[in-house]
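Enquirer: Going by the numbering used here, the first residue of the sequence shown is number 762, and it counts up by one from there.
Think of the CB as a built atom: it goes at the ideal place given N, C-alpha and C, for glycine as much as any other residue.
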Amino acid sequence: MAGMNADSGLLAPVWAGTGLADLVSDEAWLRAMLEAEAALARAQAELGVIPPAAAERITECVQKGQFDLAAVAEQARGAANPVVALVKQLTAAAGPEAAEYVHRGGTSQDIFDSASMLVARRALDAIDADLRRAAGSLAGLAAAHRETPMAGRTLTQHAVPISFGLKAATWLQLVLDALERVRAVVVPAQLGGAAGTLASYEEYAGRKPNGPELMEVFARQLGLAVPVLPWHTARTPIADLGAALSFTTGALGKLAVDVQTLSRTEIGEVTEPAAEGRGVSSAMPQKRNPVLATLLLSAAKQVPANALVLAQSLVAEDERDGGGWHAEWQPLRECLRLTAGAARTAAELTGGLEVHPERMRENLALTGRGIVSERLNIALAATMGKAAAKDLLARLNREGSLDGAEELSGLPDLSAPEDYLGASSALVDRVLARAEKVLHHK
762 MAGMNADSGL LAPVWAGTGL ADLVSDEAWL RAMLEAEAAL ARAQAELGVI PPAAAERITE
822 CVQKGQFDLA AVAEQARGAA NPVVALVKQL TAAAGPEAAE YVHRGGTSQD IFDSASMLVA
882 RRALDAIDAD LRRAAGSLAG LAAAHRETPM AGRTLTQHAV PISFGLKAAT WLQLVLDALE
942 RVRAVVVPAQ LGGAAGTLAS YEEYAGRKPN GPELMEVFAR QLGLAVPVLP WHTARTPIAD
1002 LGAALSFTTG ALGKLAVDVQ TLSRTEIGEV TEPAAEGRGV SSAMPQKRNP VLATLLLSAA
1062 KQVPANALVL AQSLVAEDER DGGGWHAEWQ PLRECLRLTA GAARTAAELT GGLEVHPERM
1122 RENLALTGRG IVSERLNIAL AATMGKAAAK DLLARLNREG SLDGAEELSG LPDLSAPEDY
1182 LGASSALVDR VLARAEKVLH HK
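1) Would T1009 and A966 be called neighbours here (beta carbons separated by less than 9 angstroms)?
2) What does the alpha-carbon distance come out to for the pair L791 and A804?
3) Determine whether the beta carbon atoms of H919 and T1128 lie at a separation below 9 angstroms.
4) State the start and end residues of the unbroken alpha helix (DSSP H) segment that holds P973.
5) Could you work out which residue in E821, P922, L1093 and V987 is closest to A1005 when comparing CA atoms only?
6) Could you tell me whether the Cβ atoms of S898 and E908 are closer together than 9 angstroms?
7) Which same chain residues end up closer than 7 angstroms to A1068 when comparing Cβ atoms and leaving out the 5 residues on each side of it in sequence?
8) Within the continuous beta strand (DSSP E) that includes R914, where are the two ends?
9) So, is D768 buried or exposed, given that buried needs 16 or more other C-beta atoms within 10 angstroms?
10) Is the beta carbon of L975 less than 9 angstroms from the beta carbon of L808?
11) Report all residues from its chain with a CB closer than 8 angstroms to the CB of R893; omit the five preceding and five following residues, and keep chain order.
12) Distance, Cα to Cα, S1042 vs P910?
13) In three-state terms, what does DSSP make of H1087?
14) To the nearest angstrom, how far is it from the Cα of G1083 to the Cα of P857?
15) Since A1207 contacts L983 with CB under 8 angstroms, what's their CB separation in whole angstroms?
16) Taking 8 angstroms as the cut-off, is the beta-carbon of D783 closer than that to any non-hydrogen atom of the ligand PLP?
17) On the premise that V775 lies in contact with A1103, defined as a C-beta separation below 8 angstroms, what is that separation, rounded to the nearest angstrom?
18) Is the separation between the beta-carbon of G1029 and that of T994 shorter than 9 angstroms?
19) Just the C-alpha distance for L937 and L1053, rounded to the nearest angstrom, thanks.
20) Using CA coordinates, which residue listed in A837, E1167 and A980 is at the minimum distance from P949?
21) Which ranges does the alpha helix (DSSP H) cover as unbroken runs of at least 4 residues, wholly within the stretch 1048-1114, from first to last along the chain?
22) Using only CA atoms, which one of R1159, R944 and A841 lies nearest to A890?
23) In whole angstroms, what is the alpha-carbon distance linking A1012 and S1170?
24) Cβ of A905 within 9 angstroms of Cβ of N1124?
25) Please confirm whether S875 and L952 have their CB atoms less than 9 angstroms apart.
26) Tell me which same chain residues have a C-beta within less than 8 angstroms of the C-beta of M1121, skipping the five on either side of it?
27) Any contact of the stretch 985-993 with the stretch 826-837, i.e. 3+ C-beta pairs under 8 angstroms?
28) Restricting to Cα atoms, I'd like to know which of A929, I819 and A832 is closest to R865.
29) Check whether the Cβ atoms of E1033 and G1113 lie closer than 9 angstroms to each other.
30) Spatial neighbours of E1109 within its chain, please: CB distance less than 8 angstroms, with the 5 preceding and 5 following residues excluded, ordered by chain position.
31) For I1132, tell me which candidate among A853, A887 and D1164 has the shortest Cα-Cα distance.
32) Assuming A793 and L879 are in contact, meaning their beta carbons sit under 8 angstroms apart, how far apart are those beta carbons, in whole angstroms?
33) H919 bridges to which residues according to DSSP?
34) Does S1162 pass the burial test, meaning 16 or more other C-beta atoms within 10 Å, or should it be called exposed?
35) Tell me where the alpha helix (DSSP H) around T1010 begins and ends.
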């Protein structure tokens, strides 16, 4: 088969060079369409609709035949889909003994949608594996730093102390949410015939009801879920894919934006894993840019836009849609390969993230006792009332006299950030317990 990828990833470094794009390349999609044709023939042979020898010949052609990908792509303009041209090539390759049984009763959307689900299933498996790696690394960070104090920040400002373990646990929680959503997506075969009635398949079989049974055998041959009914214009699988992939990149985007912030020169609390040539600037030799986080953010901003097209597929006309179905294809590919690239990048980022506890302590000291103002407010309120305590602390903070203030001399020492982490450790343990369940269930 002549190879022809849609592009080489020049404008998409989040997946370029990872090999993940091969899972959703033009060649992968064409191969999946051929697999669907072979599976249809085998299913019909299993049910006695076509001779077993014909199914074997079609399967052999699919496995060993040479197909002109470029010609299929060019000829797709004539039918507005690539299946018609591919069926012609497969029919010619099958020879006189099996040509009559190629695509028997089939319609283009049955083959293309089933192929799309095969492609999606393989991409989802890769995404699952990399999310598991990222989750495992984050679990390690959360456990190791459950009591490492750092400044919690709200609306960009120091708020109260938190532990870095809790921050890592928050990232972990989102990755686990994404993992569960990816696993929950149902990836079904498609089989309906011209308008979703299965009439052509039953007519060739010469008996009824053959269609539903054929759906089940066809899905089993492909290793896909059995649909309740044909989904030519009930595009739940496509919309679900878009939603799960959009959520996944969004979850990884939260990790990325935090890493970017924490790796700022003036903050310096984390550093991306080092590698030769990574993070370099073309103009400024001193820089070590957070490029992995940057790649994650690029995917997080693109996938939701593409997923919107997939959500709109639900508004499908009649029993087969013209235009809406066709509009799904490229956005689905983009969602799959961008998310796969993001998951791989997240696994790399979390697997080598460098944490700097000493810098976290230095940053905590920037606001002195102000970082525990909430705690001081609670202590003072017991004797002077909540409003008066708040006014006093606000004034002392404005004056910069909170440290050593005479008004606070009667209080015990409440200024150690590590003593005001609340339930951080317990919350970390809750997420780690969840991770144990999710990561050991597949």
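Expert: Answer, in terms of the structure:
1) no
2) 20 angstroms
3) yes
4) It spans G972 to L983 - the alpha helix (DSSP H) in which P973 sits, taken as one unbroken run.
5) L1093
6) no
7) Cβ within range, chain order: G1003, A1004, L1006, S1007 and C1096.
8) P910 to T915
9) exposed
10) yes
11) Hits under 8 angstroms: L940 and L1200.
12) Confidence in S1042 is poor, its pLDDT being 48 and thus under 50, which makes the residue's placement unreliable; the coordinate value appears in the next sentence. So the alpha carbons of these two residues sit roughly 32 angstroms apart.
13) helix
14) 34 angstroms
15) There is simply no residue 1207 to check, as the chain begins at 762 and stops at 1203 in what is shown.
16) Absent from the structure shown: the ligand PLP. Ligands present: none.
17) 6 angstroms
18) G1029 is not a Cβ neighbour of T994, given a cutoff of 9 angstroms.
19) Taking the straight line joining both Cα atoms gives about 20 angstroms.
20) A980
21) 1052-1073 and 1085-1113
22) R944
23) The straight-line gap from Cα to Cα measures roughly 45 angstroms.
24) no
25) yes
26) T909, P910, M911, A912, F925 and E1030
27) no
28) I819
29) yes
30) P1034 and L1053, listed in sequence order.
31) D1164
32) 4 angstroms
33) R914
34) exposed
35) T997 to L1023 is the span of the alpha helix (DSSP H), which, as asked, contains T1010.
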